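Colleague: Input: one structure, supplied below.
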Amino acid sequence: MGIRLRALQMAKDDKLKAPGIENFVASAGWCTGFMNRYGLCLRQRTKISQKLPKDLDEKVMSFHSFIIKQRKIHNYDLGDIGNMDETPMTFDLPSNRTVASLGEKTVLLRTTGGFTSVLQPLDVCLNKPFKDRVRKMWCKWMSSGQARLTKGGNMMKPDIELKAKWVRDAWEEIPEDMVKHAFKKCGISNAMDGSEDSALYEDDSCDSDDCELCDNVYDDNLTPATAEALFGHTDEEEESSFEGF
Numbered sequence: 233m234g235i236r237l238r239a240l241q242m243a244k245d246d247k248l249k250a251p252g253i254e255n256f257v258a259s260a261g262w263c264t265g266f267m268n269r270y271g272l273c274l275r276q277r278t279k280i281s282q283k284l285p286k287d288l289d290e291k292v293m294s295f296h297s298f299i300i301k302q303r304k305i306h307n308y309d310l311g312d313i314g315n316m317d318e319t320p321m322t323f324d325l326p327s328n329r330t331v332a333s334l335g336e337k338t339v340l341l342r343t344t345g346g347f348t349s350v351l352q353p354l355d356v357c358l359n360k361p362f363k364d365r366v367r368k369m370w371c372k373w374m375s376s377g378q379a380r381l382t383k384g385g386n387m388m389k390p391d392i393e394l395k396a397k398w399v400r401d402a403w404e405e406i407p408e409d410m411v412k413h414a415f416k417k418c419g420i421s422n423a424m425d426g427s428e429d430s431a432l433y434e435d436d437s438c439d440s441d442d443c444e445l446c447d448n449v450y451d452d453n454l455t456p457a458t459a460e461a462l463f464g465h466t467d468e469e470e471e472s473s474f475e476g477f
């Protein structure tokens, strides 16, 4: 979908005008031909690369010791333990699929690393599926013809009420068991008798990619009418640009 949306944006650029370009709709068939001509394919990522701190093991043990000590001292109820953080929707959002050259054996997606990637429940298991769900809603909004361009050619922002609804709906879709698992994976809410310590070493990522609509170039949603609705200029007042999620 990313290639097709970018192609439509370029088709609307006056600097790139060519005969017949006004009828270009970036269909799924065109995208398939484009990828074939340039030796590209849609690949499942094989791994995500993170550069973790050198003293990671020491810091993780120190964190777990601190958590255990505080729980013993204060006897916190599990319902009183939470995790709060700010997360930008345009930051560090690697999909499970990406465009790569044909024949590549390793499809690497690079992302940032740090202690929060192993010690914070939101980073370990929750931010990724949450963002995937918001991104899926954004993709549906883009494909539905509701998105508009300003007179200057920039993407108009969805209104704040719609974005707030996306955030609310995305969070409500996160399974309760996933939240519980995230805290155990970080060694925060595990049973004090050690019976749940194995959760720390389970090799699962909680990062299933739900956004098939965004990544599937063969999903031919863009009819000529939809393309015009997405990228045709409007008479509305100029808005600040919106880069998307």
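My numbering applies: residue 233 is where the sequence shown begins, and numbers increase by one. Ideal Cβ placement from N, Cα and C applies to all residues, glycine included. Just so you know, these numbers come straight off a predicted model, no measurement behind them.
(1) Taking DSSP's pairing of strands, which residues face Ser333 in a bridge?
(2) Just verifying my parser: in three-state terms, what is the DSSP assignment at Met387?
(3) Verify whether the separation of the beta carbon atoms of Met387 and Ala396 is less than 8 Å.
(4) In the DSSP assignment, find the alpha helix (DSSP H) that holds Ile305 and state where it starts and stops.
(5) Can you tell me whether Ser421 is buried or exposed? The criterion is at least 16 other CB atoms within 10 Å of its CB, across all chains shown.
(6) Report the three-state DSSP secondary structure of Asn453 (helix, strand or coil).
(7) Does the pairing of the segment 369-378 with the segment 404-413 give three or more beta-carbon distances under 8 Å?
(8) Spatial neighbours of Asp429 within its chain, please: CB distance less than 7 Å, with the 5 preceding and 5 following residues excluded, ordered by chain position.
(9) Please report the Cβ distance between Arg236 and Met424, rounded to the nearest whole angstrom; I am assuming they are in contact, meaning their Cβ atoms lie under 8 Å.
(10) Between Glu434 and the rest of its own chain, which residues show a CB-CB distance below 8 Å, the 5 nearest in sequence each way excluded?
(11) Within this structure, are the beta carbons of Phe362 and Pro285 separated by less than 8 Å?
(12) How far does the alpha helix (DSSP H) with Gly252 in it reach, from first residue to last?
(13) Suppose contacts are defined by Cβ-Cβ distances below 8 Å. Is Val350 in contact with Val292 by that definition?
(14) Using the rule of at least 16 other Cβ atoms within 10 Å of the residue's Cβ for burial, across every protein chain shown, is Ala258 buried or exposed?
(15) By the 10 Å Cβ neighbour count, where 16 or more other Cβ atoms means buried, how is Lys360 classified, buried or exposed?
(16) What are the boundary residues of the alpha helix (DSSP H) that includes Glu393?
(17) Over the uninterrupted alpha helix (DSSP H) stretch that includes Asp409, give me the two end residues.
(18) Measuring only the C-alpha atoms, how far is Phe256 from Arg400?
Modeller: Looking at the atomic coordinates:
(1) Leu272
(2) strand
(3) no
(4) Leu288 to His306
(5) buried
(6) Any answer about Asn453 is weak, because its pLDDT of 49 lies below 50 and its placement is not dependable; what the coordinates show is given next. DSSP places Asn453 in coil when its eight states are reduced to three.
(7) no
(8) Asn422
(9) Wrong, their Cβ atoms sit about 53 Å apart, outside the cutoff.
(10) Lys417
(11) no
(12) Where Gly252 is concerned, there is no enclosing alpha helix (DSSP H), given that its DSSP letter is neither H nor E.
(13) yes
(14) buried
(15) buried
(16) Ile392 to Glu404
(17) Glu408 to Lys417
(18) 36 Å
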